[in-house]
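Read the structure below first, then the notes.
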Amino acid sequence: MRVSQFFISTLKEAPSEAEVISHQLMLRGGLIKRLTSGVYTWMPLGLRVLRKVENIIREEMNRGGAIELLMPAVQPAELWHESTRWEQYGPELLRIKDRHQRDFCFGPTHEEVVSDVVRREVKSYRQLPLNFYQIQTKFRDEIRPRFGVMRGREFIMKDAYSFHVNYDDLLREYRNMHDTYSRIFTRLGLKFRAVAADTGSIGGTGSHEFHVLADSGEDAITYCPQSDYAANVELAEAVAPAATRPAPTLPLKKVHTPGVKTIAELCAFLKVPAQHTVKAVVVDGADSKPVLLLVRGDHELNMIKAGKLAQLKQPVTFSSVESIRAAFGADPGSLGPAGFKGTVIADRAVMAMADFVIGANANDHHYTGANIGRDFAEPAVADIRNVVTGDPSPDGKGTLELCRGIEVGHIFQLRTKYSEALKLGFLDESGKTQIMEMGCYGIGVTRIVAAAIEQNHDERGIMFPRAIAPFDVAIVPIGYHKSAAVKAAADQLYAELQAEGIDVLLDNRDERPGAMFADMELIGVPHRVVIGDRGLKEGQIEYKGRRDAEPRNLPLNEAKTSIKSMVCGG
RNA sequence: CGGGGUGUGGCGCAGUCCGGUAGCGCAGGGCGUUUGGGACGCCAAGGUCGCAGGUUCGAAUCCUGCCACCCCGACCA
């Protein structure tokens, strides 16, 4: 591609709407343009990247035995009533009406449609298993779209749905898709990790998320370097401490703590470490009465885990200040279990503590030397905190580390949640009707582009992994419009590399060198060749990899072969 | 949906407090000089100051209402 025949539009300054680096660089590089909140045009340059991502996904899905189809984006409400999701999905489902006032939605996911296809087509066990997938535009009316295409409302997803005669076969395909996803993200050139995940609203049993590792990621994930354990922090079990609770050594003492509300203030005021304090959080119980949750001061309450407790109202909500005052006689910041009549649930780690500091249920007062059993009744015990670095791994094989990730893929064992609702039956060998087992497997295609940039950039711009770079190599001629020798050498190398099937971008704009260098670096082309009169006199051209510190010279007559080996090797 | 913030030319901003009819940088156009790290000079062009009402002789500026967008919290690929 010659730049004169392409469309490149870069900015020196990032639009102020962009907060994260990938969003800024995608706007500056002209990969995307915003149309409205969470909705973006993919400009020609960005589209090249997107297509490369899609093609890798498509190739590996095909290799994994999945079969591509394309389902409609617009779906009739009747199907969603059948699965009961028309009511359940909430405002995230974009609902539309046609001219006859019939209800439709713009599909946020395709379990209903694919199930309808399969129940019409598949009657016999002989037609199973099946795995249908598509790469298609979805719409989810997100509460808060942000970070550009990282969390858009309209986005492209690869979604796959598999159908099986029994659970064993679903498990086989689930592992197959796990391997397929690992191959996909490896080929994309991304540092990633598969982690055990919460199944969330989609339902089903087993589930794994695939995360691109990046400090700016929205998800906290944990892994064990000594084993293959890895999980989303939402899910990762905080195992009970091995140590038994020491006997009390201090008397319970009420202390005046004026203005102290947070654990940090408490620690500073009393000069105690956070591990010797207990945090009290009040949430609404299943009976709408306040329930007191206790976690160690340096730990964090995990709302997903709390959401699995039968004693609590779903979804979990913090109690209002009014109901807290009524139940405790004090405001948040001075709360504790002593004297509280309702349900108390303590994290496992709290149960191993003695002589700790906790709110006294009187404003501006705390207790020191508090002890379970002696100063208040034994509470119910549950795992309700986030794991922290150094916690023992739930598999017993080491200690946990934490890092951050961007969720780019998610695989689920749906089991029969949808196949029962949508009557996905088939006849088995003995002629009996059975319900299919289902799996579903998603990849956020547009999000991958943002995640790749988040993981691969420097102060000059994007450093795309080779597999998804918009171009493999950029030729930057110096004086293309002045020097016949430069033009001839650049045109020839361009033609030769193109003939080798390499994606070459020839920057034949009449720009100053600095402007061309800056643009090629901004848009993340992995290899750059500079051709100028200065080098040609010596029979040399200059080569620089996007990640190289310094350029180096190559003989002109070997240019094609050496560049080809660098493009294909690196 | 709550909380915070911003809307001025394609992009980044100043001007708003203290009303007097819009300015800077970048990008884009023309001419000239330049050409190995985002050049320089001159010239020209480009704005319903988010929208609607109001106050006023006069509103980007003050008042009211609305809209859009961004950021912080519950969602998810």
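Residue numbers (our numbering): 4 to 573.
Every residue gets a Cβ at the ideal spot worked out from N, C-alpha and C, and that includes glycine.
Small disclaimer: the values here were computed from a predicted structure and weren't measured.
Rounded to the nearest whole angstrom, the CA to CA distance from A453 to L50 is 13 Å. Per the DSSP secondary-structure output, K141 pairs in a beta bridge with F158. In the structure shown, V77 adopts extended strand secondary structure according to DSSP, grouped into three states.
Nearest to A76 by alpha-carbon distance, out of D378, R98 and R61, is R98. For L53, same chain residues with a beta-carbon under 8 Å away, outside a window of 5 residues either side, are W45, I159, V448, T449 and V452 in chain order. Across the set M4, A329, G151 and N389, the C-alpha of N389 shows the shortest separation from the C-alpha of V242. Cβ-Cβ separation between I505 and A493: approximately 15 Å, too far for a contact (criterion under 8 Å).
As DSSP reads the structure, L509 sits in a beta bridge with R5 and I478. Remark: fewer than three beta-carbon pairs, one from each stretch, lie closer than 8 Å, so the region 226–234 and the region 243–251 are not flagged as touching. Within the same chain, E63, M64 and G67 come within 7 Å of T183 by CB-CB distance, once the 5 residues on both sides are set aside. The C-beta distance from T260 to H369 rounds to 5 Å, short enough to meet the 8 Å contact threshold. Nearest C-alpha to H530 among A472, Q501, A239 and T346: A472. In the three-state DSSP reduction, H113 falls in the coil class, being neither helix nor strand. The residue among F321, S322 and G362 with its C-alpha nearest the C-alpha of R299 is G362. A Cβ-Cβ separation of about 30 Å leaves I456 out of contact with G535 under the 8 Å criterion.
Judged by DSSP secondary structure, D171 falls within the alpha helix (DSSP H) whose first and last residues are Y170 to R190. Straight through space, the alpha carbons of S165 and L133 are spaced by roughly 5 Å. With respect to K126, L430 sits close: the two C-beta atoms are nearer than 9 Å. The Cβ neighbour count for T112, taken over all protein chains shown within 10 Å, is at least 16; the residue is labelled buried. Contact between the region 439–447 and the region 16–27 is absent: fewer than three C-beta pairs spanning the two stretches fall below 8 Å.
As computed with DSSP, Q543 is found in a beta bridge with P558. The region 459–469 makes contact with the region 520–529; the number of CB pairs closer than 8 Å reaches 3 or more. Contact annotation: V42 and G155 have beta-carbon atoms nearer than 9 Å. Here D106 has A80, R98 and K100 as same chain residues with Cβ atoms under 7 Å from its own Cβ, once five neighbours each way along the sequence are excluded. In terms of Cα proximity to R37, the closest of P94, F150 and V384 is F150.
Taking all protein chains in view, the Cβ of G434 is surrounded by fewer than 16 other Cβ atoms within 10 Å, so the residue is classified as exposed. Closest in C-alpha terms to A239, from the list T392, L296, Q137 and Q495, comes T392.
Here E62 carries a helix assignment [DSSP, helix/strand/coil].
In the structure shown, D461 falls within a strand segment according to DSSP collapsed to helix, strand and coil.
At the C-beta level, I409 and M153 come within 9 Å of one another. In the structure shown, the three-state DSSP call for G538 is helix. Runs of the alpha helix (DSSP H) spanning 4 or more residues and lying entirely within the region 258–336 occur at 266–273, 306–309 and 324–331, in chain order.
A residue is called buried once 16 or more other Cβ atoms fall within 10 Å of its Cβ, and S565, having fewer, is exposed.
The residues V215, L216 and Q458, in chain order, have a CB closer than 8 Å to that of K194 in the same chain once the five nearest residues on each side in sequence are set aside.
Here DSSP, grouped into helix, strand and coil, assigns H484 to coil. Selection T189, E57 and T202 evaluated against Q137 yields E57 as nearest (Cα-Cα).
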